[in-house]
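**Student:** Sharing a structure here in structure tokens format.
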Amino acid sequence: MQEMYCQLAGYAMSTAMRYLSDQEAARDVLHDSFIKAYTKAHQFHYKGEGSLKAWVMRIVANESLNVLRQNAKIHFTDQIPDDEADQEPDIPPIPPDELNKMIQRLPSGYRTVLNLYVFEQKSHKEIAQLIGIKENSSASQFLRAKRMLAKMINDYKTHSHDR
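And the structure:
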């Protein structure tokens with residue numbers, strides 16, 4: 005159990021911080037997630053290399069969502085953006101820690117949907133069911149998150165050239 009913690013704690017903390025902007029709350033999620041993993045270890049089924057890590061990270065993501073729901077810290081909008089064009093932003097190389105900081109600065113609803121869609125690979129229908137919103141709200145939150153993140157990335161790119 006200690007070896008599992010040592011190998012996965014960094015990944016788990018990063019996952020929790022992607023959902024929660026509060027480091028103390030992320031530490032609590034980390035703690036609760038490993039307790040849950042230890043007590044539910046009998047439910048884990050080995051499916052090849054990386055399956056334990058994926059299982060623990062799924063627990064961390066679910067625990068993070070529980071904290072957001074309990075604290076009513078997820079704010080959503082049902083409005084669909086006017087511009088429906090779904091263009092991928094031109095993303096320059098950015099250090100992972102900088103990108104994580106940008107994701108943490110997103111509004112909670114944007115950040116939650118972005119994490120579930122991109123990192124957990126959930127569909128908008130699954131996201132809607134998971135967090136209790138409409139499917140089009142999930143898509144809207146994702147589009148807005150991408151736009152906001154693209155702006156942050158462009159600002160970072162502009163300011164990094166000024167140095």
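Per our numbering, residue 5 is the first one in the sequence shown, and the count goes up by one each step. C-beta: ideal position from N, C-alpha, C; glycine also. Only a predicted model underlies this, so the values are computations on that prediction, with no experimental measurement involved.
Below 8 angstroms, how does it come out for the segment 144-157 and the segment 95-110: are there three or more Cβ pairs, yes or no?
**Tutor:** Output reads yes: the segment 95-110 touches the segment 144-157.
**Student:** In angstroms with no decimal places, state the Cα-to-Cα distance between K126 and D26.
**Tutor:** Going from the Cα of K126 to the Cα of D26 covers about 24 angstroms.
**Student:** Going along the chain, which residues of its own chain have a beta-carbon closer than 8 angstroms to the beta-carbon of D36, five neighbours each way excluded?
**Tutor:** If we look at D36 and ignore the five residues flanking it on each side, its Cβ neighbours are E67.
**Student:** Which of helix, strand or coil does DSSP assign to P100?
**Tutor:** DSSP places P100 in helix when its eight states are reduced to three.
**Student:** Using the Cα positions of V33 and Q74, report the straight-line distance between them to the nearest angstrom.
**Tutor:** V33 and Q74: Cα-Cα distance of roughly 13 angstroms.
**Student:** If we count the other Cβ atoms within 10 Å of its Cβ and call it buried at 16 or more, is H128 buried or exposed?
**Tutor:** That one is buried.
**Student:** Take A16 as the anchor and find which of K44, Y121, M5, K57 has the nearest alpha-carbon.
**Tutor:** The shortest Cα separation from A16 among K44, Y121, M5, K57 belongs to K57.
**Student:** Taking R69 as the reference, which of M156, H49, Q133, F48 has the closest Cα?
**Tutor:** One point to set straight first is that residue 69 is Leu, not Arg, in the sequence displayed. When only C-alpha atoms are compared, the closest one is Q133.
**Student:** How is the alpha helix (DSSP H) around K57 delimited, first residue to last?
**Tutor:** From DSSP, the alpha helix (DSSP H) with K57 extends over 55-74.
**Student:** Have a look at I137, N158, S55, E53 and flag the residue whose alpha-carbon is nearest the alpha-carbon of E102.
**Tutor:** Cα-wise, what sits closest to E102 is N158.
**Student:** Identify which residue in Y160, K161, Y23, M5 has its Cα closest to the Cα of H46.
**Tutor:** Among Y160, K161, Y23, M5, the Cα nearest to that of H46 belongs to M5.
**Student:** Between which two residues does the alpha helix (DSSP H) carrying H128 extend?
**Tutor:** Note, H128: alpha helix (DSSP H), 128-135.
**Student:** With a threshold of 16 other CB atoms inside 10 Å of the CB of I39, please say whether the residue is buried or exposed.
**Tutor:** Flag for I39 reads exposed.
**Student:** Under the rule that 16 or more other beta-carbon atoms within 10 Å means buried, what is F146, buried or exposed?
**Tutor:** Label assigned to F146: buried.
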